[in-house]
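Following: one structure in structure tokens, then a few remarks.
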Amino acid sequence: MHAIVAEHLRKEYPKRSAQPLWRRRGPAERFTAVEDVSFEVRAGEVFGLLGPNGAGKTTTIRMIATLLEPSAGRALVAGFDTVRQPAEVRRRLGAVLAGERSLYWKLTGRENLQYFAVLYDVPASRVRARVEELLQRFDLAARADELVERYSTGMKQRLSIARALLADPPVLLLDEPTLGLDPQSARNLREIIREIAAEGRTVLLTTHYMEEADQLSDRIAIMDKGRIVALDTPERLKARLDQEAVVRLWLTGGDGRLRESLLAVPGVTAVQVDDAPAPDDPRRVTVQGAELRGALPSLVAAAAAAGARTDRVEIDEPTLEDVFLHLTGRALRD
Ligand SMILES: Nc1ncnc2c1ncn2[C@@H]1O[C@H](COP(=O)(O)OP(=O)(O)O)[C@@H](O)[C@H]1O
Ligand SMILES: [Mg+2]
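The numbering of the sequence shown is the working numbering, which starts it at 318 and goes up by one.
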């Protein structure tokens, strides 16, 4: 049996309107945040939902967590329906969802875990040992008696994950687990997620960081505008772009015609112009197409026509960001 199943999930919201409520006329306009999303997560798998802001990742994970009711379709956790059997579902999953105040800031780390252990029906005789074990494991023991409001973002996030694991659920849902963390804390947290998966737990995570999805996930569903646009292992997603499909140019200068000029080169299918790190630095431009090796002189000429000097050119390994650009014509980053 699959740990998680999403079947044609759909979620509509009333359209967010600039008009105040009392000025609106007629029925509220609807906006479809998630449309026909289907996937199956095997037991023990790490499954990533990757997509830009607004893609519908949080909405999807909240439906699976029983916190939002689907407008259509259904979700199952360990075979239980999230709408008809929410208690059975909740008993089997732990969740750390973005933007949710899942901790009491005026309690200590230890007090938080003790409180939630009781709430989650951890047997009274086991609460103390379970809390200590999680504090140790998530490297929180030394600061366990400090108020959570004094914790760093990384510590709060580790404590939230410890809270989600209190009742030893087989399934863990993580919404943007490393958002807002410094690189070191993010690396540390990814290591923790790998360990949780190695224990045999099923992990469903959302992220808009392609490296994170790539490093952690056994399989990835790429989401855009409420739909899944591709679903596969990271390796197979990248293998969709063949060897001469991605060229990186490092360009200095250039004007507003740059993207159009490169797109006009025969064979080019997509162009992404990154921002320069500093105004006079070279910026990275990704060009996609078929068999681009032969097109390199034309690309340099096209850049020059838009006022840009080419400092360096390379044919590069595709990343998941390239896969997203290939599928949507847009950059994954905002
Ligand atoms: N409560 C809501 N009411 C109206 N629109 C919403 C609501 N929550 C999310 N949305 C919209 O739904 C879309 C998907 O949002 P979300 O699921 O949060 O995407 P993601 O997590 O991928 O950034 C966005 O356009 C967002 O603005
Ligand atoms: Mg989100």
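Yeah, the Cβ is synthetic: ideal placement off N, Cα and C, and Gly gets one too.
Q. Taking the alpha carbon of residue 376 as the point to measure from, which residue in 431, 340, 453, 492 has its own alpha carbon closest?
A. Reading the sequence shown from its first residue, position 59 is the one you call residue 376. The shortest C-alpha separation from residue 376 is found at 492.
Q. For residue 632, does the count of other Cβ atoms within 10 angstroms reach 16, so buried, or fall short, so exposed?
A. Walking along the sequence shown from the start, residue 632 turns up at place 315. Residue 632 is exposed by the Cβ-count criterion.
(Q) Out of 332, 414, 387, which one is the CA nearest neighbour of residue 521? (A) What you label residue 521 is simply residue 204 of the sequence shown in a count that begins at 1. It is 414.
Q: Output the distance between the C-alpha atoms of residue 339 and residue 565, rounded to the nearest integer angstrom.
A: Locating residue 339 in the sequence shown gives position 22, where the first residue counts as 1. Locating residue 565 in the sequence shown gives position 248, where the first residue counts as 1. Distance between the alpha carbons of residue 339 and residue 565 is about 52 Å.
Q | Those runs of the alpha helix (DSSP H) which lie wholly inside the stretch 514-552 and span at least 4 residues | A | 527-533
Q | Cα-Cα separation, residue 461 to residue 452 | A | Taking the first residue of the sequence shown as position 1, residue 461 is located at position 144. Taking the first residue of the sequence shown as position 1, residue 452 is located at position 135. Cα to Cα, residue 461 sits roughly 7 Å from residue 452.
Q: Could you tell me the boundaries of the beta strand (DSSP E) in which residue 354 lies?
A: Start at 1 with the first residue of the sequence shown, and residue 354 comes out as number 37. Residue 354 -> beta strand (DSSP E) spans 347-358.
Q) For the stretch 386-393 against the stretch 569-583, are there 3 or more C-beta pairs whose distance is under 8 Å? A) no
Q.
Using CA atoms only, rank isn't needed, just tell me which of 639, 420, 362 is closest to residue 560.
A. Translated into positions along the sequence shown, residue 560 becomes position 243. Of 639, 420, 362, the residue nearest in Cα terms is 639.
Q: Evaluate residue 374 with the Cβ neighbour count: other Cβ atoms within 10 Å of its Cβ, from every protein chain shown; 16 or more gives buried, anything less gives exposed.
A: In the sequence shown, counting from the first residue as 1, residue 374 sits at position 57. Residue 374 comes out buried.
Q. Rounded to a whole number of angstroms, what is the C-alpha to C-alpha distance between residue 586 and residue 611?
A. The residue labelled residue 586 in the question sits at position 269 within the sequence shown. The residue labelled residue 611 in the question sits at position 294 within the sequence shown. One C-alpha to the other measures close to 15 Å.
Q) Rounded to the nearest angstrom, how far is the Cβ of residue 550 from that of residue 529, given a contact under 8 Å? A) To locate residue 550, count along the sequence shown from 1; it is residue 233. To locate residue 529, count along the sequence shown from 1; it is residue 212. That belief does not hold up - the Cβ atoms of residue 550 and residue 529 are roughly 15 Å apart, past 8 Å.
(Q) Please list the terminal residues of the continuous alpha helix (DSSP H) segment that includes residue 495. (A) Here residue 495 corresponds to residue number 178 of the sequence shown, with the count starting at 1. Looking at the DSSP string, residue 495 is not in any alpha helix (DSSP H), and its letter there is neither H nor E.
Q. Using a Cβ-Cβ cut-off of 6 Å (strictly less than) and excluding sequence neighbours within five positions of residue 346, which residues of its own chain qualify?
A. Counting from one through the sequence shown, the residue named residue 346 turns up at place 29. Cβ within range, chain order: 332.
Q: Would you kindly work out how many angstroms separate the C-alpha atoms of residue 379 and residue 523, rounded to a whole number?
A: Position 62 of the sequence shown, counted from the first residue, corresponds to residue 379. Position 206 of the sequence shown, counted from the first residue, corresponds to residue 523. Whole-angstrom Cα-Cα distance: 11 Å.
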